[in-house]
Amino acid sequence: MEIFLLPLAALPFPEIDPVLLRIGPLAIHWYGIGYVVGILFAWWYAKRLLSNRRLWADGIPPMKPEDLDDFVVWAAAGIVLGGRIGYVLFYDLARYIEEPLAALALWEGGMSFHGGLLGTILAMILFSRSRGIRVWSMFDIVAAGVPVGLGLVRCANFINSELWGRTTDVPWAFVFPNGGPEPRHPSQLYEGALEGLVLFIVLRILTHRFLKLKTPGFVGGAFVAGYGLSRIIVEFFRVPDPQLGYLLGGWLTMGMILSLPMVLAGAWAMATAKPSTSLAR
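The opening residue of the sequence shown carries number 69 in this note's numbering; numbering runs sequentially from there.
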């Protein structure tokens, strides 16, 4: 009897169409909007950081705001290509070996944050070297605004009723349309809050209160470590991808395995970052 009463205690899942707008055969999804708005916000926010000379060593920003106008295209390519390749390699390689053309079907979903991060890092390294910009400072500038996009994309995951959490009896649980009759943790919202709101606030404090942009690599390291730690925490509430399941003991997931090196790498970057007397190009 208690099993049948559980869904009655759950919050009603909001009836939000995953498609924001349809124009003929064209469908604009909230998921895509999250990526676009996230990229544009990070671009705008980075330009604001560069225009605030108080944040930089000797009042000299490491690059011109105009450089970011060109980098937006590089960043978008790194996110999309890296995210898709990462998903194929990390989460569903067997399927794409059998159906290689399916890897091109981006509209079917399937993006890996860890792959997107690696793609963006590669884009930043190549772009920085082509413009004579200090790589660590490039990492800091871009990382400072990224959490907003992460939070938006996780909210889109919630709207899409995907990547939901484990069954629970907490009063804020939801019965997801495609998650069975059991109430589940809204793990997408947990992740959006930690990776988005909380991480953005932490980085904002580091950049504007502690002036850590004067220490190249510290803000970027804080972002990487902060994301990795947030992801590991949320993985305890989230259901793993069905094609992988739990890798060990009913708790270890691929997300944890991929996030642990991020925590270590981010901690190393913060520990070894040194203040710079000048970041002039």
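Cβ coordinates follow ideal geometry from the N, Cα and C atoms, glycine included.
Non-local beta-carbon contacts of G178 in its own chain, meaning distances under 8 Å to residues more than five positions away in sequence, involve R152, Y155, V156, Y159 and D160 in chain order. Bridge pairing for V87: H97 [DSSP].
Residue pairing by DSSP places G233 opposite R306 in a beta bridge.
Annotation for F226: the continuous alpha helix (DSSP H) segment containing it runs V203 to I227. R121 and V331 have their C-alpha atoms spaced approximately 30 Å apart. Of all alpha-carbon atoms in L312, I227, M322 and L267, the one lying nearest the alpha-carbon of L88 is that of I227. Under DSSP, R252 takes part in a beta bridge, and its partners are T235 and F242. Ranking W204, L218 and L117 by CA distance to the CA of V104 puts L218 first. Going by DSSP, V140 is part of the alpha helix (DSSP H) stretching over P133 to Y159. L262 and I107 have their C-alpha atoms roughly 19 Å apart. Put simply, the region 111 to 127 touches the region 266 to 285. At least three CB pairs are less than 8 Å apart.
For L79, DSSP records a beta bridge to F242. Residue range F181 to R199 is occupied by the alpha helix (DSSP H) that includes A191. In this chain, the alpha helix (DSSP H) harbouring T275 covers L267 to H276. The C-alpha of T188 lies about 16 Å from the C-alpha of G285. Closest in alpha carbon position to V302, among I269, E259, P329 and Y295, is E259. Cβ neighbours of F139 within its own chain (closer than 7 Å, five residues either side excluded): F195.
Listed in chain order, the non-local C-beta contacts of G288 below 7 Å within the same chain comprise W204, F207, D208, A211 and A337, local neighbours out to five positions each way being set aside. Straight-line spacing of the CA atoms in P133 and W111 works out to 9 Å.
Using a Cβ distance threshold of 8 Å, G184 and G150 count as a contacting pair. For the set Y314, G323, E166 and T283, the Cα lying nearest the Cα of T340 is the one of T283. Under a 10 Å Cβ-count criterion, W240 is classified as exposed, with fewer than 16 other Cβ atoms of the shown protein chains found around its own Cβ.
Remark: C-beta atoms of V216 and F268 approach each other more closely than 8 Å. In the DSSP annotation of this structure, L316 is not part of any alpha helix (DSSP H), being labelled neither H nor E.
Ranked by how close their Cα comes to the Cα of L190, the residues A144, E166 and I165 have A144 in first place. In this structure the region 313 to 325 does not lie against the region 231 to 246, because fewer than three pairs of beta carbons, one per stretch, are closer than 8 Å.
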